[in-house]
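A quick write-up on the structure given underneath.
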Amino acid sequence: MLSRVADSLYWMSRYLERAEHTTRLLDVNLNLMLDESPISAERRWQRVLQALGKPKNIEWTGEPYALTQALTFDTENKASILSCIIAARENSRHVREQISTEQWHRLNSLYLQVTRPEMQHRTQSEALGAGMTQPSEFLQSVMEAVHQFQGVTDSTMNHGEGWQFIQVGRYIERACATALLLQAYHIDLWGHPERVADGNEYLDWMGLLRSATAFEAYCKVYTADLTPDQIFEFLLLDEEFPHSVRFSIDSLLCALEKIQGDSGKSRAEGLRRLSGRLQSSLSYSSVDEILSLDVLAYLSNIQAQCRAIHETIYELYVDYSIQAALAG
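With my numbering applied, the sequence shown covers 6 to 333.
Right, dumping it as structure tokens:
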């Protein structure tokens, strides 16, 4: 596969996953506004910014709808929902011949939906004038469109090398996002284990699970007994839940092995080692062992290893020299 094709498919997938994650965080926290105090609101929206990697030039000013507007439509912020969808559509345009017609139509429809000139102004005025109903409806429509694109991708695209690069982009982005989400909640959920939980903390725990689409899946495993340690274990180490870090890394490794098998890269040993080491650290660790360590450092290390995997993928499949390619 051409390096430019692999690069565009990979980033198309990453940008859409990032847009869906940001959309879900905003939607969950807007819905939690009804049950929060001013103090908990301040902390909750600061966590949202932290979970999104503290975007440049965006700060919490006490206005949740203004923050939602910026994180949704501010194109100067490269991580905003609009910026991500525009970037995903541009990458898909570069590989139009590699994706299915259904994929292109679904992504192009989403792009046209969010770039209508009246959309951002209407959403802001409705948010300020009518409460959170309309912004929530818009955010949910974006999430549904991304889910539809992912479903169409799986059902209409040949599951060859191109599809595997889409999986790599999706799951490396998801693993980083979930690790960063857990990091943002760490101080409030696991920083004071001796503290007795109050009503606001239960809302925080529920908000964390919903931010990873995990509330119902968690309840099926642990019932409705919300405890910080079990939430941490589920979102980090569960091998069957699609948004857990372990599931994401398992899926990432599976896609990388398939790509390596199809392309016959003999130089892929370093990438195999990096991804295998991260997978092993998640597969053979218990939640008690991890919580006895520096949790923030552990989560930061997961993100650092994902960045190393990303850089190695680029060296192997995208930004490689002619000599390296001829060497196999």
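Ideal Cβ placement from N, Cα and C applies to all residues, glycine included. None of the values given here were measured: they were computed from a predicted structure.
Here the alpha carbon of His99 sits roughly 9 Å from the alpha carbon of Leu14.
Unbroken alpha helix (DSSP H) runs of no fewer than 4 residues, entirely contained in the stretch 247-307, are found at 250-268, 274-288 and 292-296, following chain order. Under the DSSP assignment, Asn82 falls outside any alpha helix (DSSP H); it carries neither an H nor an E label. Across the set Gly266, Leu301, Arg282 and Tyr289, the C-alpha of Arg282 shows the shortest separation from the C-alpha of Gln310. Rounded to whole angstroms, the gap between the alpha carbons of Phe237 and Ala313 is 24 Å. About 7 Å separates the beta carbon of Ile307 from that of Ala180, a gap short enough to meet the 8 Å contact definition. Pairing Trp50 with Gly174 gives a Cβ-Cβ distance that is not under 8 Å. Leu21 and Val119 do not touch by the CB rule: their CB atoms are close to 12 Å apart, not below 8 Å.
Residue burial annotation: Asp209 is buried, with at least 16 other C-beta atoms found within 10 angstroms of its C-beta. The way I'd put it, the stretch 155-165 does touch the stretch 99-118; three or more beta-carbon pairs between them come closer than 8 Å.
In terms of Cα proximity to Ser97, the closest of Tyr116, Glu81, Thr80 and Lys83 is Tyr116. Secondary structure of Leu57 (DSSP, three-state): coil. Ile295 is the residue among Lys61, Ala92 and Ile295 whose C-alpha sits nearest the C-alpha of Leu187.
Only exposed fits Pro122, as fewer than 16 other CB atoms lie within 10 angstroms of its CB. Shown here, Asn163 sits in coil according to DSSP, grouped into three states, outside any helix or strand. Approximately 5 Å separates the beta-carbon atoms of Thr73 and Leu31; this is inside 8 Å, confirming the contact. Contact annotation, Phe246 with Ala219: C-beta distance approximately 6 Å; criterion of less than 8 Å satisfied.
For the pair Gly212 and Ile177, the Cα-to-Cα distance works out to about 23 Å. For Trp16, the enclosing alpha helix (DSSP H) begins and ends at Ser8 to Asn36. In the three-state reduction of the DSSP assignment, Ala189 falls in the helix class. For Arg101, no alpha helix (DSSP H) encloses it, and the DSSP letter there is neither H nor E. Within the same chain, and ignoring the five residues on either side of Phe170 in sequence, the residues whose Cβ sits closer than 6 Å to its Cβ are Ala11, Leu14 and Tyr15. By the Cβ neighbour-count rule, Leu7 is exposed, with fewer than 16 other Cβ atoms within 10 Å of its own. Counting only residues of its own chain and dropping the five nearest sequence neighbours on each side, Val226 has a CB closer than 7 Å to the CB of Phe239.
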